[in-house]
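Colleague: Can you keep this structure in mind? I'll have questions shortly.
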Amino acid sequence: MTEKRFSFAKLVAVMAIGLLVGIGLCGLDFGLAAHGIGKSTQQFGVGPLDGMSILVMALFALGLVLSLIVWAVSAIFRSSQPKGENDRQQ
Amino acid sequence: MLETLAYVAGFAVFRWQRARQGDVVAEPQRWTVLAGATVGALVGCRLLGIAEQWPTALAAWRSGRFFELLITPGGKTIVGGLLGGWLGVLIAKKLGGIRQRTGDLLVLPLCVGIAVGRVGCLLAGLADDTYGTPTTLPWAVDLGDGVGRHPVQVYEILFLMLLGIYLTKRAELPDGARFRIFMASYLGWRIFIDFWKPQPLLGGMNLIQWCCVAAILCLLFEEIRSRFGARLQAEAGSTR
Numbered sequence: 000m001t002e003k004r005f006s007f008a009k010l011v012a013v014m015a016i017g018l019l020v021g022i023g024l025c026g027l028d029f030g031l032a033a034h035g036i037g038k039s040t041q042q043f044g045v046g047p048l049d050g051m052s053i054l055v056m057a058l059f060a061l062g063l064v065l066s067l068i069v070w071a072v073s074a075i076f077r078s079s080q081p082k083g084e085n086d087r088q089q
Numbered sequence: 000m001l002e003t004l005a006y007v008a009g010f011a012v013f014r015w016q017r018a019r020q021g022d023v024v025a026e027p028q029r030w031t032v033l034a035g036a037t038v039g040a041l042v043g044c045r046l047l048g049i050a051e052q053w054p055t056a057l058a059a060w061r062s063g064r065f066f067e068l069l070i071t072p073g074g075k076t077i078v079g080g081l082l083g084g085w086l087g088v089l090i091a092k093k094l095g096g097i098r099q100r101t102g103d104l105l106v107l108p109l110c111v112g113i114a115v116g117r118v119g120c121l122l123a124g125l126a127d128d129t130y131g132t133p134t135t136l137p138w139a140v141d142l143g144d145g146v147g148r149h150p151v152q153v154y155e156i157l158f159l160m161l162l163g164i165y166l167t168k169r170a171e172l173p174d175g176a177r178f179r180i181f182m183a184s185y186l187g188w189r190i191f192i193d194f195w196k197p198q199p200l201l202g203g204m205n206l207i208q209w210c211c212v213a214a215i216l217c218l219l220f221e222e223i224r225s226r227f228g229a230r231l232q233a234e235a236g237s238t239r
């Protein structure tokens, strides 16, 4: 019976896309800024909506770094195991 | 919002195309490639996006506000994403021992994703820094400042539509060729169209254009190397 292995690659891809979306929340910022809500588009500075996008960015950035570290550690651990044992686990 | 929609649309097209025509690699390997692509794209688009606006970045650095600039939303560029993603895939393939050419399946999703993202650029107007230079042409768009400008985003959407259709119809292309043609065409297009964008210049071109030139030279070098290698192999085979 084959045991389905957890996909770190999938997790890393989701975290990276989440972070990209977090950085991309500027669209919402600028859209609202054009109507006088939030920050001015001419300067950088922290506006009310930036709090949300920075929170999303921080959470996904942390998740991305952690999942990359765990993925690398698990890959090193797997490669250090004897070949037969590695195959049996798969 | 349209940027998020661009990722969703790109991924939906990728899944549809993968189900329709199959994949050259198994699913775990495909996810390794996608992870390399997304992480590389994330780093590349942000770095080049900030570097592109180098006077602003320099001013932020001098005033001690560089970190604030780094975490401020916005400041990404498609070329940086493509080049970073390409490099990320090369690294992921090397680490994962994947030898197949995996980019062909990403061509149509990239065309669709970039085109949807460009609609967002057009709607964001002057705030997005991707607007065109002033023009008196009848199809000029006014982005709110009373100046008619080249709708460079619309030009790009049309270009991507044509490129996507052309590359989808060329079924006889060898593995990897579709992706290389896409990259060379899009980067060449950006060298051309960025002359119609008011960006800070370095030696007559903006930083994105210089990166496109460097990447096209890399593609050319890789093409010559692979053709030369194939010819050498064929000659060695015929003399045996």
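Chains L and G, in that order, are what the protein sequence lines are. If you use numbering that gives the first Met the number 0, the first sequence corresponds to residues 0 to 89, in order. If you use numbering that gives the first Met the number 0, the second sequence corresponds to residues 0 to 239, in order. Just so it is clear, CB atoms sit at the ideal spot from N, CA and C, and this is done for glycine as well. This structure is a prediction, so every number in the text was calculated from the model and none was measured.
Please state whether DSSP places MET0 (chain G) in a helix, a strand or coil.
Modeller: In the second sequence, counting from the first residue as 1, residue 0 (chain G) sits at position 1. MET0 (chain G): coil per DSSP, three-state reduction.
Colleague: Determine the closest residue to ARG117 (chain G) out of G:GLN152, G:PHE65, G:ALA18, G:ALA59, with distance taken between C-alpha atoms.
Modeller: Indexing the second sequence from 1 puts residue 117 (chain G) at position 118. When each option's Cα is compared against that of ARG117 (chain G), the closest is G:GLN152.
Colleague: Buried or exposed: where does SER79 (chain L) fall if 16 or more other Cβ atoms within 10 Å of its Cβ makes it buried?
Modeller: Indexing the first sequence from 1 puts residue 79 (chain L) at position 80. Result: exposed.
Colleague: With 8 Å set as the bound, which would you pick, yes or no: does the beta-carbon of ILE22 (chain L) sit closer than that to a beta-carbon of chain G?
Modeller: Against the first sequence, residue 22 (chain L) aligns to sequence position 23. By this cut-off, ILE22 (chain L) is an interface position.
Colleague: For GLY48 (chain G) versus GLY83 (chain G), is the C-beta spacing smaller than 8 Å?
Modeller: Position 49 of the second sequence, counting from 1, holds the residue named residue 48 (chain G). Position 84 of the second sequence, counting from 1, holds the residue named residue 83 (chain G). Cβ distance not < 8 Å, so GLY48 (chain G) and GLY83 (chain G) don't count as in contact.
Colleague: Can ALA15 (chain L) and VAL38 (chain G) be called in contact, C-beta distance under 8 Å?
Modeller: Within the first sequence, numbered from 1, the residue matching residue 15 (chain L) stands at position 16. Within the second sequence, numbered from 1, the residue matching residue 38 (chain G) stands at position 39. In contact: ALA15 (chain L) and VAL38 (chain G) (Cβ atoms closer than 8 Å).
Colleague: Since I believe LEU125 (chain G) is in contact with ASP144 (chain G) (beta carbons under 8 Å), could you give me their beta-carbon distance rounded to a whole number of angstroms?
Modeller: For the purposes of this step, residue 144 (chain G) is identified with residue 145 of the second sequence, where counting begins at 1. For the purposes of this step, residue 125 (chain G) is identified with residue 126 of the second sequence, where counting begins at 1. ASP144 (chain G) to LEU125 (chain G), Cβ: 6 Å. Contact.
Colleague: Confirm, please, whether the CB-CB distance from TRP53 (chain G) to LEU206 (chain G) is below 8 Å.
Modeller: Reading the second sequence from its first residue, position 207 is the one you call residue 206 (chain G). Reading the second sequence from its first residue, position 54 is the one you call residue 53 (chain G). Yes.
Colleague: I'd like to know whether the C-beta atoms of ALA36 (chain G) and VAL88 (chain G) end up nearer to each other than 8 Å.
Modeller: Here residue 36 (chain G) refers to the residue found at position 37 of the second sequence. Here residue 88 (chain G) refers to the residue found at position 89 of the second sequence. Contact: yes.
Colleague: Exposed or buried, ILE162 (chain L), counting other C-beta atoms within 10 Å across all chains shown (16 or more means buried)?
Modeller: Residue 162 (chain L) lies beyond the range of chain L shown here (0 to 89); nothing can be said about it.
Colleague: Using a Cβ distance threshold of 8 Å, determine whether the region 159-178 of chain G contacts the region 99-115 of chain G, with at least three qualifying pairs required.
Modeller: Yes: the two stretches touch, three or more of their Cβ pairs being nearer than 8 Å.
Colleague: At a cut of 8 Å, does the region 225-233 of chain G reach the region 154-166 of chain G through at least three beta carbon pairs?
Modeller: No: the two stretches stay apart, fewer than three of their Cβ pairs being nearer than 8 Å.
Colleague: Name, please, each residue of chain G whose Cβ falls closer than 8 Å to the Cβ of LEU18 (chain L).
Modeller: As a working note, residue 18 (chain L) is residue 19 in the first sequence. The contacting residues are LEU41.
Colleague: Suppose the cutoff is 8 Å on Cβ atoms and the five residues either side in sequence are ignored; what does the same chain contact list for TRP298 (chain G) look like?
Modeller: For residue 298 (chain G) there is no data in the structure shown, the boundaries of chain G being 0 and 239.
Colleague: I'd like to know if PHE43 (chain L) contacts chain G, where contact means its C-beta is closer than 8 Å to some C-beta of that chain.
Modeller: Translated into positions along the first sequence, residue 43 (chain L) becomes position 44. In this predicted model, PHE43 (chain L) has a pLDDT of only 49, less than 50, meaning its place in the structure is not dependable; the value taken from the coordinates is given anyway. By this cut-off, PHE43 (chain L) is an interface position.
Colleague: Taking the continuous alpha helix (DSSP H) assigned at GLN28 (chain G), which residues delimit it?
Modeller: Working through the second sequence from its first residue, we reach residue 28 (chain G) at position 29. GLN28 (chain G) -> alpha helix (DSSP H) spans 26-51.
Colleague: Does the CB of GLN88 (chain L) have a neighbour CB from chain G at under 8 Å?
Modeller: Indexing the first sequence from 1 puts residue 88 (chain L) at position 89. Only weak support exists for where GLN88 (chain L) lies, its pLDDT of 46 falling under 50; the coordinates are left without a value.
Colleague: Please say whether VAL106 (chain G) and ALA8 (chain G) have beta carbons closer to each other than 8 Å?
Modeller: On the second sequence, residue 8 (chain G) is found 9 positions in, with the first residue counted as 1. On the second sequence, residue 106 (chain G) is found 107 positions in, with the first residue counted as 1. No; because the gap between Cβ atoms is not below 8 Å, this pair is not in contact.
Colleague: Go ahead and pull the three-state DSSP assignment for GLY147 (chain G).
Modeller: Counting from one through the second sequence, the residue named residue 147 (chain G) turns up at place 148. Note: GLY147 (chain G) maps to strand in three-state DSSP.
Colleague: Within 8 Å (strictly less), CB to CB, does TYR6 (chain G) reach chain L?
Modeller: In the second sequence, the residue the question calls residue 6 (chain G) occupies position 7. Yes, TYR6 (chain G) counts as interfacial toward chain L.
Colleague: Answer yes or no: does any C-beta atom of chain G fall closer than 8 Å to that of SER79 (chain L)?
Modeller: One-based indexing of the first sequence puts residue 79 (chain L) at position 80. Closer than 8 Å: no.
Colleague: Give me, in chain order, the residues of the same chain whose beta-carbon lies closer than 7 Å to that of LEU10 (chain L); leave out the 5 immediate sequence neighbours on both sides.
Modeller: As a working note, residue 10 (chain L) is residue 11 in the first sequence. Excluding positions up to five away in sequence, the list reads SER66.
Colleague: Could you give the DSSP three-state label for VAL140 (chain G): helix, strand or coil?
Modeller: Here residue 140 (chain G) corresponds to residue number 141 of the second sequence, with the count starting at 1. Strand at VAL140 (chain G).
Colleague: Assuming ALA8 (chain L) contacts ALA34 (chain G) under a Cβ cut-off of 8 Å, what Cβ separation, rounded to an integer in Å, is found between them?
Modeller: The residue given as residue 8 (chain L) occupies position 9 in the first sequence. The residue given as residue 34 (chain G) occupies position 35 in the second sequence. Between ALA34 (chain G) and ALA8 (chain L) the Cβ distance is about 4 Å, and since that is below 8 Å, they are a contact.
Colleague: So, helix, strand or coil for PHE43 (chain L), using DSSP?
Modeller: Counting from 1 along the first sequence, the entry for residue 43 (chain L) is found at position 44. In this prediction, PHE43 (chain L) has a pLDDT of 49, which is less than 50 and means its spatial position is unreliable; what the coordinates show is noted afterwards. Three-state DSSP puts PHE43 (chain L) in coil, outside helix and strand.
Colleague: Roughly how many whole angstroms lie between the Cα atoms of CYS217 (chain G) and ALA12 (chain L)?
Modeller: In the second sequence, counting from the first residue as 1, residue 217 (chain G) sits at position 218. In the first sequence, counting from the first residue as 1, residue 12 (chain L) sits at position 13. Straight-line Cα distance between these residues: approximately 26 Å.
Colleague: Any Cβ of chain G within less than 8 Å of the Cβ of SER73 (chain L)?
Modeller: Taking the first residue of the first sequence as position 1, residue 73 (chain L) is located at position 74. No, SER73 (chain L) lies away from the interface with chain G (no Cβ there is under 8 Å from its Cβ).
Colleague: For the region 11-30 of chain G, which residues have a beta carbon sitting closer than 8 Å to at least one beta carbon of chain L?
Modeller: The region 11-30 of chain G vs chain L, Cβ under 8 Å: PRO27, TRP30.
Colleague: Report the residue from G:ALA11, G:GLY96, G:ALA5, G:ALA50 whose alpha carbon sits nearest the alpha carbon of GLN28 (chain G).
Modeller: As a working mapping, residue 28 (chain G) is identified with position 29 in the second sequence. If we check each option's Cα against that of GLN28 (chain G), G:GLY96 comes out closest.
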